[in-house]
Amino acid sequence: MPNLDLPILVVDDAKFSSMVVGRTLRNAGYRDVRIVNNSPAALELIEQRPVSVLIADWLMPEMDGLELTDSVRQQDEQNNHYTYVILLTARESVEALSEAFDRGVDDFIYKSDMTKQLIPRIFAADRMADRQNTLLRANSLLIENNRELEATNIIDLETGLCNNKYGRERLAKMLRHAESRGGSCAYVLCGIRNWQELKRKHPPTVMSELAVGIARRLSTLIRPIDVLCRVGDNQFAIIAYFPNSDHCTTTAFRRVFDGINHKALKTTAGYISVEAGMVLCRADAQQGTPSVQEVERTAVEGLVDAYETRRFTETAPEVTEGV
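Numbering (UniProt numbering), first residue to last: 1 to 323.
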């Protein structure tokens with residue numbers, strides 16, 4: 001069954017021609033038909049309320065049918081909408097029609113046979129416009145859902161580890177825990193020093209295998225109670241709590257440093273060795289509780305030193321009064 005409430009706009013500077021089109025549509029039962037005599041007026045009406053089908057004369061003063069189509073496509077893009085454009089024309093050359101299709105026109109009706117062609121073409125236009133707009137709405141909804149998922153996602157999809165969002169939440173809780181119970185909170189940042197060099201040598205698939213391999217290796221080297229997150233393309237963080245501050249040293253994580261540096265990782269491109277730099281950023285409850293941002297900043301600065309010295313370094317964040 002045709003959709004008789006289909007919003008249609010007719011644009012023709014010749015009043016007789018627009019009257020014939022309008023009468024033919026209304027006689028077929030279409031109720032939402034608007035008629036204007038020039039392109040600027042048509043664009044204003046479309047801006048106020050989009051239409052599903054635009055029927056326009058090709059040759060018009062000020063702005064012809066092709067120029068009108070260009071402007072309508074720009075409005076469609078802004079409004080996430082699709083308008084099915086039909087041009088009325090007396091031009092039948094292949095070159096002219098090819099140009100029009102390239103400009104975004106969907107269909108033509110020859111003026112010499114307009115009364116016979118119009119209604120069947122409107123039926124087809126209705127189906128196509130409805131299908132396109134349904135797809136646009138579905139895609140818009142999918143994009144919005146993906147944004148919501150990304151905003152709440154706490155998993156790094158490539159490695160399966162927790163991501164930076166979750167890492168910050170856990171670090172904040174660990175700092176508060178150390179503040180209330182005493183002891184120290186450890187934030188160990190591990191960066192792959194030769195990551196960019198490896199990316200130049202290997203395709204993305206191999207680099208993905210390498211990231212997964214690093215994640216698995218680190219997972220086997222940390223304590224079960226510690227938290228491991230991927231906080232960057234080539235950076236991983238271990239978040240841990242030590243009731244006794246004397247135990248929170250690089251010695252506690254030495255096996256992690258050695259395990260990632262001294263044994264190559266297997267990929268489809270063969271065994272690949274990585275050069276990992278590591279820094280322990282230690283927050284001692286007796287010295288006050290730093291902010292999450294200060295711990296992260298201090299750790300990144302320490303990692304730069306670790307890269308330069310190629311040693312497992314240790315640092316401590318500053319604690320601002322009142323924090």
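C-beta atoms are modelled at their ideal positions from N, C-alpha and C, and glycine is treated no differently.
Proximity to residue i [Cα-Cα], best of the options
i	options	result
C162	A90, D13, A96, V227	V227
I239	R137, T249, G167, T315	G167
A211	L97, A90, I272, R170	I272
E44	R26, L68, A252	L68
P7	K15, Y30, A14, V21	Y30
N244	V11, G182, V72	G182
W58	Y110, T24, I46, Q287	Y110
I155	R103, C229, R137, D126	C229
R255	N145, V274, S98, T220	T220
A172	A28, E275, Y241	Y241
D13	R23, A124, D64, Q48	D64
Y187	D32, A237, K201, P204	A237
K266	D246, S208, D258, Q287	S208
L175	V319, P2, N27, V21	V319
residue 335	L157, G232, F123	Since the first residue shown for the chain is 1 and the last is 323, residue 335 is missing from the structure and cannot be characterised.
Span of the beta strand (DSSP E), counted from its first residue to its last, around residue i
i	result
K266	265 to 267
T83	Here T83 belongs to no beta strand (DSSP E), and DSSP marks it neither H nor E.
R230	227 to 232
G34	Reading off the sequence shown, one finds Arg at residue 34, where the question assumed Gly. Taken as a continuous stretch (DSSP letters only), the beta strand (DSSP E) holding R34 covers 33 to 36.
Bridge-paired residues (DSSP) for residue i
i	result
A186	A240, R282
G270	T267
Q235	G191, G232
L88	D57, I109
Where the alpha helix (DSSP H) containing residue i begins and where it ends
i	result
L175	164 to 181
D70	65 to 79
Q48	39 to 48
G259	254 to 261
For residue i, three-class secondary structure by DSSP
i	result
V94	helix
Y110	strand
V20	helix
T313	strand
M1	coil
G302	helix
I192	strand
P7	coil
D156	coil
A211	helix
V292	helix
L135	helix
I55	strand
A276	strand
I122	helix
V319	coil
L161	coil
I143	helix
D13	coil
residue 338	The question about residue 338 has no answer here: the residues shown for the chain are numbered 1 through 323.
E62	coil
residue 334	In this structure the chain extends from 1 to 323, so residue 334 is not present and cannot be described.
Beta carbon of residue i nearer than 9 angstroms to that of residue j
i	j	result
I192	I214	yes
S39	D130	no
C281	T315	yes
I35	L9	yes
L66	L88	no
T83	R91	no
L136	H81	yes
A125	D113	no
T289	E179	yes
K165	N146	no
A42	L54	yes
L25	L97	no
A252	V279	no
Cβ-heavy atom distance, residue i to the ligand NAP, below 8 angstroms
i	result
W195	For the structure depicted, the ligand NAP is absent and the ligand set is empty, with no information on it obtainable.
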